[in-house]
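In what follows, a single structure is set out as structure tokens and then discussed.
There are 2 protein chains.
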Amino acid sequence: MAGTFERIRPDGDDRERLTCRDCGFVAYENPKVVVGSVVEVEGGVLLCRRAIEPRAGYWTLPAGYLEMGETVEEGARREAREEAQAEIALRGILGVYSIARLGQVQVIFRANLAAPGFAPGPESLDVRIFTWEEIPWPEIAFPSVRWSLEAWRAGLGPPGPPVGNPPEDARGMRPLPSAAEMAP
Amino acid sequence: MAGTFERIRPDGDDRERLTCRDCGFVAYENPKVVVGSVVEVEGGVLLCRRAIEPRAGYWTLPAGYLEMGETVEEGARREAREEAQAEIALRGILGVYSIARLGQVQVIFRANLAAPGFAPGPESLDVRIFTWEEIPWPEIAFPSVRWSLEAWRAGLGPPGPPVGNPPEDARGMRPLPSAAEMAP
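For the record, the sequence lines run as chains A and B.
Just add 907 to the spot in the first sequence (first one is 1) and you have the working numbering.
Just add 907 to the spot in the second sequence (first one is 1) and you have the working numbering.
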């Protein structure tokens, strides 16, 4: 059974940290990096239907947690391979989003297919191309997916600077909205 | 005394994870985010002389680990306040560097001073403005500081796209170079 954690401020530190009451281990929490891509195919974008929680059944970009030992570019390509069985060519950073409430920084690339073909990986129920008009907004998994799609649609990002959080959630602290609020 | 960790591959996972032999706790390791800025002042840049390891005595940008609950922008401003007692205005992302060997993603902004004045904080021995010609290359703390200064000098980044790792270390895996190798 894993240790019992409580929040204690270590000597010399400026904030409380999760500390195991039994063995003294300090489980430092730091924000994690998510890497993903808006993959443009034939004028539309590739979306994956999530097979796993959270938001199983909802549509998302090919994205996931960056692993140790890889660059953000390598991670974005790996996630597209794993979730959409797609080889992608990155075209620059579309946005850097901070989901501060969750301790997450998302680095979202623009991309094209480097080779034809895509198919669901183990974490996807389905993968398909959506034109802007076809995007199923009430079934989009997370606000940041919408932010990415809106930025792509507006022609933002490469060759210009990446976007950051939109004004509606500048501090990255808002909770998940309702289905009705997911529309752009 | 903290738990005894060993690398074991959990069921359903695709790689080994640090697991406590005594209590079963899994200490997942994920890359951490560093946020920092090239702060332009009177045609030069603000550099801080590190008071703490690693590379104490060497010069670096005002930068540090992103904390839970803050955006990358908020973190960059906080670090400038803490390390250089400077209030800065961010002008866009200059670069996103992956130091894969260390599991670090650095988001480096371009910035100006939002209010006059700067001074060393607790983690800095000194803070001063350097023109390009004055930059003490053999005493620069990390390669990514040099990459940031070179990108700034070349006019890269905002209003254009941010730079990534330079070709000399595209995979972010090279070890710390010698002092001689730190020159641009």
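Think of the CB as a built atom: it goes at the ideal place given N, C-alpha and C, for glycine as much as any other residue.
Source: prediction; values computed, not measured.
Within this structure, are the beta carbons of Leu1001/B and Ile1015/B separated by less than 8 Å?
Locating residue 1001/B in the second sequence gives position 94, where the first residue counts as 1. Locating residue 1015/B in the second sequence gives position 108, where the first residue counts as 1. Cβ distance < 8 Å, so Leu1001/B and Ile1015/B count as in contact.
Would Gly1028/B and Glu990/B qualify as a contact pair, given that the criterion is a beta-carbon distance under 8 Å?
Here residue 1028/B is taken as the residue at index 121 of the second sequence, counted from 1. Here residue 990/B is taken as the residue at index 83 of the second sequence, counted from 1. For Gly1028/B and Glu990/B, yes; Cβs fall inside 8 Å.
Asp1076/B by DSSP, collapsed to three states: which one?
Taking the second sequence and counting its residues from 1, the one referred to as residue 1076/B is at position 169. Reduced to three states, the DSSP call for Asp1076/B is helix.
Output needed for Ala1048/B: all residues of its chain with C-beta closer than 7 Å, excluding positions within five of it in sequence on either side, in chain order.
In the second sequence, residue 1048/B corresponds to position 141, counting from 1. Contacts found: Arg957, Arg962, Tyr965, Trp966 and Thr967.
Applying the 10 Å Cβ sphere with the 16-neighbour rule, what's the burial state of Thr978/B?
Mapped onto the second sequence, residue 978/B falls at position 71. Buried is the call here.
For Val1014/B, go through chain A and note every residue whose CB falls closer than 8 Å to its CB, in chain order.
Your numbering for residue 1014/B matches position 107 in the second sequence. Neighbours of Val1014/B on chain A, chain order: Val1003 and Val1012.
Which chain B residues sit within Cβ distance under 7 Å of Asn1019/A?
Indexing the first sequence from 1 puts residue 1019/A at position 112. For Asn1019/A, there are no C-beta contacts with chain B under 7 Å, since the nearest C-beta of that chain is about 16 Å from it.
Consider the Cβ of Gly964/A: report whether some Cβ of chain B lies at a distance smaller than 8 Å.
Sequence index remark: in the first sequence, residue 964/A carries index 57 (1-based). No, its Cβ sits nowhere closer than 8 Å to a Cβ of chain B.
Rounded C-beta distance between Asn937/A and Tyr935/B? I'm assuming under 8 Å.
Against the first sequence, residue 937/A aligns to sequence position 30. Against the second sequence, residue 935/B aligns to sequence position 28. The Cβ separation is near 11 Å, so there is no contact.
Which residues of the region 973-1003 of chain A have a Cβ closer than 7 Å to any Cβ of chain E? Give them in chain order.
The question asks about chain E, but that chain is absent: this structure's protein chains are A and B.
Three-state secondary structure assigned by DSSP to Gly971/B
Against the second sequence, residue 971/B aligns to sequence position 64. The three-state secondary structure of Gly971/B, taken from DSSP, is strand.
Distance, Asp1076/B Cα to Leu1063/B Cα:
Here the question's residue 1063/B lines up with position 156 in the second sequence. Here the question's residue 1076/B lines up with position 169 in the second sequence. Rounded to whole angstroms, the separation of the alpha carbons of Asp1076/B and Leu1063/B is 18 Å.
Is the CB-CB distance between Ile1006/A and Gly1079/A below 8 Å?
In the first sequence, counting from the first residue as 1, residue 1006/A sits at position 99. In the first sequence, counting from the first residue as 1, residue 1079/A sits at position 172. Yes, the pair counts as a contact, with Cβ atoms nearer than the cut-off.
Give the residues of chain B in contact with Arg1078/A, contact being defined as C-beta atoms less than 8 Å apart.
Against the first sequence, residue 1078/A aligns to sequence position 171. The CB of Arg1078/A comes closer than 8 Å to the CB of Thr978 and Glu981 in chain B, given here in chain order.
Using a 10 Å radius around the Cβ and a threshold of 16 neighbouring Cβ atoms, would you call Trp1059/A buried or exposed?
Position 152 of the first sequence, counted from the start, is the residue given in the question as residue 1059/A. Residue environment for Trp1059/A: buried (at least 16 other C-beta atoms within 10 angstroms of its C-beta).
Near Pro1043/A, which residues of its chain fall below 7 Å by C-beta distance, leaving aside the five closest residues on each side in sequence?
Walking along the first sequence from the start, residue 1043/A turns up at place 136. Within the same chain, Trp966 come within 7 Å of Pro1043/A by CB-CB distance, once the 5 residues on both sides are set aside.
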